[in-house]
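Trainee: Pasting a structure here, questions to come.
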């Protein structure tokens, strides 16, 4: 049991009896009294790192006798394709002939070769082919394969209906599938199997697979013939068996196998380098089960060795300078003789053989559980040829864990190609190849898993922290927004070997620097609305807002410049700005009596410079439209209210017939009568908005005639007079409640009160 979470109730999550045999690894429990009950080695904690019911067996001294715990990957999934994307090898113009139907006799065999027809179907999926882009190659029956087939184009699934491909059983013609470059990174062989061995029909299924690319191969529910795998891609097996002559050879590939069943007469699986993880290995007949060589790492979890023949001709497992951990049981058949040699292991020219009944290497004193006695000479000896004929199902040898040891694990090493990496502020995700080079596990293990651990002294400098790819040495990181500065990066390379002294699985740390150069951000200024004003020659003031030197971490000084496109109509504005303020004003005096449109360009520049593609200036543009006004502006008395003290209040409005606001200064063109000798007189409004404006201001007076005189742009003076007999305001002389209750700072715009000094 591995990699499990057990939740429930009871005394123990796992109960192992006196004769039970188990390996438990990476298991956590919740709700139970203890993780595991066992007569000899109970586990009272609620989690188990690794536990075996029997002492692990090894022929070479080891610091730690544990399973390899190789990384586990799930089998990739190829989605089912629509029927129109399937290519049937029997369709015209491909022309494969099924089930022993022969077009001719080839090379002395009773039937022809379907290899060329299958090749035509595959090549039809190449660009420009009749089935370009098709993804599934369909083999609905049995076919003879006497030649090499090259897998290319867009095919990603090869699916059959059981007995499918191969040469005649006694053919002896070397055939193979050669995997070449293609559209899909994954190739799935599914439901391909061997056929009958008589009547000229096909024999073993897939004879050989040669992967010349890094494409991943998946074999699912296949009955295999001889299978030779090489190349750089990963390989996955699910429910795959091997026929009588099926020899499996893995050359420096990474293999994940779930239920692998080789049944060859003779040696079955050769693993040369690489990594092979197997969950469920079942074999039959005599011969070496697995031969691991050239630094291979092999882990078997749950092996069933079914001995049906005389197995005295070879060891069960052979190990040559490789790392393995095997959990298996031997089961002898009716005429089977168990293996007398279980493991023949060679490490650095020293060879040792583990025999049936041989003593096991006990645990070192520093490792729990404590040492156990050596196995007696009669250990696991069953059905050695003395039992009566016809008895089936006798247990042979079993090992809860056989662990090899290649001595101490050497620390990996690497080099850095640079001492400093430089990028600019806000540069986005960075991908820099080859920062780390010469990655080496130093253990002559071609596919030992390597990984970098990367830390930094300035994590706030990064939105995505730096990482290094242990295969390519590529550095990736993303600077934080608006951040700049320097970080020291410390890098350690680790492998998946033992780190228990004297072994080491981490390199010495190395450092380099990531420097993020500051980049000046553009200053800011809010957009400025366009203006339309009367061409009367009065000053125009425009407000600027949103001023800053850029981001919050920038505090440069600002210079503001405003330029007119037509100074004869509107001179260059005068800028009023206080350093550090977010606002400013522009003042300009348009020429009186002339119409036109002038563009004003406002430029804001900071002193941060333009290094590293920085930006130190921002410009905003707005227009000033000058309108010559000639229409009248008329004063309008709205009503008169009687105050409580006997005085009166007159309310005035006005009507501006021009399309824009008009300025009429107080004085000879804008005044009240009588006003001579009055003190405390407040001038009337001077800015007149376009249209009819009501209740724009109010004046307190004594009830005698009070006249507002107003000379408009047409140079005509118009008047409006208030007296005690004028139309009364609503409310019987009092101010309307809506105005009386209004706070002072919210009263109607341009209201002015003038108390007459005469009665």
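In full-length UniProt numbering, the protein residues as written are 1 to 759. The beta-carbon is built from N, C-alpha and C at its ideal position, and this holds for glycine as well.
1. Have a look at 297, 45, 246 and flag the residue whose alpha-carbon is nearest the alpha-carbon of residue 33.
2. Excluding the 5 residues preceding and the 5 following residue 212 in the sequence, name in chain order all residues of the same chain whose CB lies nearer than 7 Å to its CB.
3. So, helix, strand or coil for residue 77, using DSSP?
4. Run through the DSSP bridge pairs and tell me what residue 623 is partnered with.
5. Provide the residue span of the alpha helix (DSSP H) that contains residue 115, from first to last.
6. Would you call residue 464 buried or exposed, if buried means 16 or more other Cβ atoms sit within 10 Å of its Cβ?
7. Answer with buried or exposed for residue 350, where buried requires no fewer than 16 other C-beta atoms within 10 angstroms of its C-beta.
8. DSSP puts residue 2 in a beta bridge; with which residues?
9. Do residue 598 and residue 565 have their CB atoms nearer than 8 Å?
10. Ignore the nearest five residues each way along the sequence and tell me which others in residue 764's own chain have a CB closer than 6 Å to its CB.
11. Report buried or exposed for residue 278, applying the criterion of at least 16 other Cβ atoms within 10 angstroms of its Cβ.
12. Is any heavy atom of the ligand PLP found at a distance shorter than 7 Å from the C-beta of residue 684?
13. Suppose the cutoff is 6 Å on Cβ atoms and the five residues either side in sequence are ignored; what does the same chain contact list for residue 105 look like?
14. Counting Cβ pairs, one atom from each stretch, are 3 or more of them under 8 Å apart for the stretch 552-564 and the stretch 692-712?
15. Give a yes or no on whether the C-beta atoms belonging to residue 96 and residue 143 are separated by under 8 Å.
16. Return the chain-ordered ranges of every alpha helix (DSSP H) run that is complete within the UniProt domain "Cadherin" (413-525) and spans a minimum of 4 residues.
17. Tell me whether residue 241 is buried or exposed, calling it buried when 16 or more other Cβ atoms sit within 10 Å of its Cβ.
18. Would you list the one or two residues that DSSP bridges to residue 151?
19. Please classify residue 409 as buried or exposed, where buried requires at least 16 neighbouring CB atoms within 10 angstroms.
20. Which one of 254, 652, 707 has the shortest CA to CA distance from residue 697?
21. Could you give the residue range of the beta strand (DSSP E) that holds residue 224?
22. Count the other CB atoms, across all protein chains shown, that sit within 10 Å of the CB of residue 673; report buried if there are 16 or more and exposed otherwise.
23. With distances taken from CA atoms, which of 494, 659, 642 is nearest residue 726?
24. For residue 80, count neighbouring C-beta atoms within 10 Å of its own C-beta (all shown protein chains included) and say buried if the count is 16 or more, exposed if not.
25. Spatial neighbours of residue 551 within its chain, please: C-beta separation below 7 Å, excluding the five flanking residues on both sides.
26. So what does residue 639 bridge to, in DSSP terms?
27. With contact counted as at least three CB pairs below 8 Å, one residue from each stretch, are the stretch 624-635 and the stretch 535-542 in contact?
28. Measure from the alpha carbon of residue 666 to the alpha carbon of each residue in 648, 706, 710, then state which is nearest.
29. Classify residue 412 as buried or exposed, calling it buried when 16 or more other Cβ atoms lie within 10 Å of its own Cβ.
30. State the Cα-Cα distance for the pair residue 355 and residue 268, rounded to the nearest angstrom.
31. Do residue 188 and residue 218 come within 8 Å of each other at the CB atom, strictly closer than that value?
32. By Cβ distance below 8 Å, which residues in the same chain neighbour residue 613 in space, the five residues on each side in sequence not counted?
33. So, for residue 734: in the same chain, excluding its five sequence neighbours on each side, which residues have a beta-carbon less than 6 Å away from its beta-carbon?
34. Are three or more beta carbon pairs between the stretch 631-638 and the stretch 648-663 nearer than 8 Å?
35. State the CB to CB distance for the pair residue 438 and residue 415, rounded to an integer number of angstroms; the pair is presumed to be in contact (CB under 8 Å).
36. Return the chain-ordered ranges of every beta strand (DSSP E) run that is complete within the stretch 524-584 and spans a minimum of 3 residues.
Mentor: Taking the coordinates as given:
1. Residue 45 is the option with its Cα nearest to residue 33.
2. Excluding residues within five positions, the ones whose Cβ falls inside 7 Å are 178, 179, 180, 231.
3. Residue 77 falls in the coil class under three-state DSSP.
4. According to DSSP, residue 623 bridges with 599.
5. Residues 115-123.
6. Classification for residue 464: exposed.
7. Answer is exposed; the Cβ neighbour count stays below 16.
8. BP columns for residue 2 point to 25.
9. Less than 8 Å separates the beta-carbon of residue 598 from that of residue 565.
10. The structure shown does not extend to residue 764, since the chain is modelled only from 1 to 759, so the question has no answer here.
11. So residue 278 counts as buried.
12. Here there are no bound small molecules, and the ligand PLP is not part of this structure.
13. Low confidence applies here, because residue 105 scores a pLDDT of 49, under 50, leaving its location unreliable; read the following figure in that light. There are no such residues.
14. No, the stretch 552-564 does not touch the stretch 692-712.
15. Yes, the pair counts as a contact, with Cβ atoms nearer than the cut-off.
16. Secondary structure within the UniProt domain "Cadherin" (413-525): not one fully enclosed alpha helix (DSSP H) run of 4 or more consecutive residues is present.
17. So residue 241 counts as buried.
18. Answer is 179, bridged to residue 151.
19. It is buried - the Cβ of residue 409 has at least 16 other Cβ atoms within 10 Å.
20. Looking at the Cα atoms, 652 is the closest of the given residues.
21. Per DSSP, the continuous beta strand (DSSP E) segment holding residue 224 begins and ends at 216-224.
22. Here residue 673 is exposed. Its C-beta has fewer than 16 other C-beta atoms within 10 Å.
23. Of 494, 659, 642, the residue nearest in Cα terms is 642.
24. Under this definition residue 80 is an exposed residue.
25. Take residue 551, set aside five residues on each side of it, and the residues of its chain with a beta-carbon closer than 7 Å to its own are 482, 521, in chain order.
26. Per DSSP, 651.
27. Yes, the stretch 624-635 is in contact with the stretch 535-542.
28. Checked all of 648, 706, 710; the closest Cα to residue 666 is 710.
29. When all chains shown are included, residue 412 counts as buried.
30. Answer to the nearest angstrom: the Cα atoms are 20 Å apart.
31. Yes; because the gap between Cβ atoms is below 8 Å, this pair is in contact.
32. Around residue 613, the same chain offers 424, 519 as residues with beta carbons nearer than 8 Å, after the five sequence neighbours per side are excluded.
33. Its pLDDT being 46, under 50, residue 734 is placed unreliably by the model, and nothing is read from it.
34. With a cut-off of 8 Å on Cβ pairs, the stretch 631-638 is in contact with the stretch 648-663, counting three or more such pairs.
35. Going by Cβ atoms, the distance from residue 438 to residue 415 rounds to 5 Å, so yes, they are a contact pair.
36. Qualifying beta strand (DSSP E) stretches, in chain order: 531-534, 540-544, 558-564, 574-577.
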